[in-house]
Amino acid sequence: MSMAEAVERFVPDGATVAMGTCLEPLIPFAAGHEMIRQGRRDLELVGPISDALFDQLIGAGCVRRITAAWVGNVSEGLGHCYRRATEHGVPRSIEIHDHTNFSISMALWAAAWNAPYIPTRTLLGSDILKTNPNLAVDGDAVRVAPVRPDVAIVHVQRCDADGHAHAWGPLGITEEAGLAASRIVITCEELVDPASLLKHPNRILFPETKVVAVVHEPGGAHPSPVQGYYGRDHAAYREYAEASRTQQGFETWLRERVLR
Amino acid sequence: MTYTEQELMVAVASREIRDGDLVFVGMRLPILAYAVARSTHAPNARGLFEVGLMRDSAASAYLGTMGDPPNVDGALWATRMSNVMALMAQGLVDLGFIGGAEVDRFGNLNTSYVGDPAHPTVKLPGSGGGADIAILSSRWVTLMTHERRRLVDRVSFITSPGHGDGTPGWRKRNGLLGGGPTAIITTLCVFRFPPEGGAAYLDSIHPGHTLEEVRAATGWDVESPHHARETPPPTEAEIDEIRKRA
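Going line by line, the protein sequences match chains A and B. In this text, residue positions in the first sequence follow our numbering: the first is 9, and each later residue adds one. In this text, residue positions in the second sequence follow our numbering: the first is 1329, and each later residue adds one.
So this is what it looks like as C-alpha cells:
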C-alpha cells in the first residue's frame, strides 16, 4: 500500500495515534510527514520520549492532545513548536496528559490486557499526578488508566505484505503500543518474502490480524536511526532545531522539507 | 593540567559509580561519566538505558542519543523498555543519573513546567524516565550548570521527586522505594544530602572557585561547610578517557 493511501484510510482526523514507540530509533517520520501533507487535524499523539516528530506535527497544527513522557529534540533540547503551542496557543492550543516512560508503557499494557488500570509504585511524590487525570493515587500505589490508540504506526527493518514484521535493536514501548491499538500500520525498510520472516516466528513483532497496512518506505525513519541500515542524522536534528526557533522559520522549514 | 568545567563534572560524576553498580545512565555527560568509570575504577559497572539496552562497555563512537546504533552494537541485552524498568522497580538499579532544568535545596527536579502548569511561562520537555529513576533507583545524582535560576529554593513543579518537603523520612512516608538524590554536581561545587533526607549541604568547591561565588549563584542560603573541601581535580587518566570520546 502507498503511504498516502495508508494515512488516508487509517489515520482519520481526531484519531489517537501511537508513534515513535522505540524512543529515538525507528521513528516513522515519513508517515508523520504524510499526515502533515494531508492536513490531519485534532490528533492525540501517544509516545514515550518523543524526538522531533511530535514537535513537527504540533507545529503543523495537527495535534489536539499530547499523551507522552517527553516531547522535544533529544540531541538539541527543547521543542520549540511544543513550547509555542503550550505557552502561546500557536498555531493552536493543545492539551497535555503527562506521563513518565514507565507509566506510558503501563497505560498501553493496561489497554493491551484490557485491564481497568495497572497499579504501580512509580509516580509517587511527582506532581505529574496533579496534571494527568488518568493517574490516581490509591493507597500506597498509583493507578495508571489504559491508553487505547486507534492506530499504532511502527517503522521496522523488514516486513512481508501480510504484516509479519521483524524489528531489532531496543524496542521501547512498541509491543504494548501495537497490542493496545485497534490497528497497526507498518512502514518498512525492506519488503521481503514471508518465508525468511516466518523462519523465526519468535521475532514477529505483532499478530498479523492487527496489521491493516504495510508500506514499503526505505528511509522512512530518517533522520532517526535504523539498526543495520543507517545511523542518526544529527545534522538534520540540529538544522530543525535552528529553523523551528520561530514560527516563521518553522513554516519555511515545513514548506521546504515536508510540503514540497 | 588544564580542563574544562564539563570535564571536571564528568570526572566527579564518574566517581559516583561504584564497581559492580548497575547504572541507569541517561545521556550527554553521564554517558561520558560511565565510560570513564568503566575504564578506571569500576570495570564491572553495567549500564542500563530506558530505550531497552544493557551494556558493560562504553559505546565505540559518538552518541547523539542512547538509541543510536553504536550504543546497540555490543549490547548485552536489547529489549523492551518495560523489561529494563522491571529491574529498577525491583530495586536492582544502584545508581541513576537525571538531568533537569531546575533543582531545589531538597533535590526535587523540575523538567515539566515553569510557572502555572495551566499557563506555563516555559514548557519543558517532561519527565522521560526521570521521575521513574528518581522514585525507584537506589540512589541518584544530577548534573547542573550552576546558575541562580537553576538552583532554586523550591521548584514550582516536582517532576522527579528528591527529598520532597525536606522533612526527614519524607520519601519513606510517601511510599517512594529508592533512597533519593545523593549529590548535585554543578559547574562550581558538589552538594550532598544527609542519608535520612533533607536539605543539600555543600560538600566541596571546585578548584579555582569560592564559597562567595557558590552563594551568589545559588537560590537558597548556602551554609558554611564544616570543613571547606576542594573537589579533587580530574586525574590524567580521567581526562584521557573523556577526550577520547567527546
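Note that the Cβ used here is the ideal one computed from N, Cα and C, for glycine as well. Bear in mind that the values here come from a model prediction, so they are computed numbers and not experimental data.
Note down, in chain order, each residue of its chain lying with its Cβ closer than 7 Å to the Cβ of residue i, except the 5 sequence neighbours on either side.
i: A:D50; result: D21, G22 and R72
i: B:E1333; result: T1515
i: A:G87; result: D63, V79, G80 and N81
i: A:I181; result: T29, P56, I112, S113 and L116
i: B:D1481; result: D1432, R1433, G1547 and W1548
i: A:S134; result: none
i: A:P202; result: D168, D170 and H172
i: B:L1357; result: Q1334, M1337, V1338, A1341 and L1471
By Cβ distance, which residues of its chain are closer than 8 Å to residue i, with the 5 residues on each side in sequence left out?
i: B:Y1529; result: F1519, R1520, F1521, P1522, E1551 and P1553
i: B:R1557; result: D1531, S1532 and I1533
i: A:C196; result: H163, V164, Q165, R166, C167, A173, V222, V223, H224, E225 and G228
i: A:V200; result: R166, C167 and D168
i: B:M1394; result: V1353, G1354, M1355, I1359, F1377, E1378, V1379 and L1381
i: A:L262; result: I44, Q64, G67 and A68
For residue i, which of helix, strand or coil comes out of DSSP?
i: A:A60; result: coil
i: A:W117; result: helix
i: B:I1570; result: helix
i: B:M1472; result: strand
i: A:G239; result: coil
i: B:F1352; result: strand
i: B:W1548; result: coil
i: B:E1541; result: helix
i: A:N210; result: helix
i: A:R73; result: strand
i: A:G133; result: coil
i: A:R48; result: coil
i: B:T1368; result: coil
i: A:V223; result: strand
i: B:F1377; result: strand
So, residue i versus residue j, is the Cβ gap smaller than 8 Å?
i: B:G1380; j: B:Y1362; result: no
i: B:I1512; j: B:N1436; result: no
i: A:T127; j: A:V54; result: Checking the displayed sequence, the identity of residue 127 of chain A turns out to be Pro instead of Thr. No. Outside cutoff.
i: B:I1463; j: B:L1404; result: no
i: B:L1350; j: B:V1421; result: yes
i: B:A1373; j: B:D1347; result: yes
i: B:V1469; j: B:T1510; result: yes
i: B:E1378; j: B:G1497; result: no
i: B:V1338; j: B:I1570; result: yes
i: B:A1454; j: A:A76; result: With the sequence shown as reference, residue 1454 of chain B is identified as Gly, and Ala is not the correct amino acid for it. Contact flag set, yes.
i: A:P33; j: A:G177; result: yes
i: B:G1503; j: A:R129; result: yes
i: A:V266; j: A:H41; result: yes
i: B:P1398; j: B:A1406; result: no
i: A:F18; j: A:V193; result: yes
i: A:E52; j: A:V25; result: yes
Once the 5 residues before and after residue i are set aside, which same chain residues still bring their CB inside 6 Å of it?
i: A:Y238; result: none
i: A:E103; result: R73
i: B:E1344; result: V1469
i: A:G69; result: P99 and R100
Going along the region 1468–1492 of chain B in order, which residues come within less than 8 Å of chain A, judged by CB to CB distance?
Of all residues in the region 1468–1492 of chain B, only F1485, I1486, T1487, S1488, P1489 and G1492 place a beta-carbon less than 8 Å from a beta-carbon of chain A.
Anything in the region 221–244 of chain A with a Cβ closer than 7 Å to a Cβ of chain B? List those residues in chain order, please.
Only P233, Q235, G239, R240 and H242 from the region 221–244 of chain A bring a Cβ to less than 7 Å from some Cβ of chain B.
Which whole runs of the beta strand (DSSP E) in the region 141–186 of chain A are 3 residues long or more, in chain order?
Correct list: 143–146, 149–152 and 159–167.
Between the region 36–52 of chain A and chain B, which residues of the former have a C-beta closer than 8 Å to a C-beta of the latter?
Sequence-ordered contacts of the region 36–52 of chain A with chain B are nonexistent [C-beta pairs closer than 8 Å].
Let me know the beta strand (DSSP E) ranges lying completely inside the region 85–109 of chain A, each 3 residues or longer, listed in chain order.
Listed in chain order, the complete beta strand (DSSP E) runs (minimum 3 residues) inside the region 85–109 of chain A are 103–106.
Contacting positions in the region 175–197 of chain A - beta carbon closer than 8 Å to chain B:
Going along the region 175–197 of chain A in chain order, one finds W176, G177, P178, L179, G180, I181, T182, E183 and E184 with a Cβ nearer than 8 Å to chain B.
Got a sec: which bits of the region 78–111 of chain A sit with their beta carbon under 7 Å from any beta carbon on chain B, in order along the chain?
Interface annotation for the region 78–111 of chain A against chain B: W78, V79, G80, V82, S83, L86, G87, Y90, R91, T94, E95, D106, T108, N109 and F110, criterion Cβ-Cβ distance under 7 Å.
For the region 1510–1525 of chain B, which residues have a CB atom closer than 7 Å to at least one CB atom of chain A, in sequence order?
Residues passing the 7 Å Cβ filter: none.
Runs of alpha helix (DSSP H) lying entirely within the region 1457–1519 of chain B, each at least 4 residues, in chain order
Those alpha helix (DSSP H) runs which fall completely within the region 1457–1519 of chain B and span 4+ residues are 1458–1464 and 1498–1501.
Taking a Cβ distance cut-off of 7 Å, strictly less, list which residues of the region 1428–1444 of chain B are near chain A, in chain order.
Listed by position, the residues of the region 1428–1444 of chain B near chain A (Cβ gap below 7 Å) are S1440.
Anything in the region 54–81 of chain A with a Cβ closer than 8 Å to a Cβ of chain B? List those residues in chain order, please.
Answer in chain order: P56, I57, D59, A76, A77, W78, V79 and G80.
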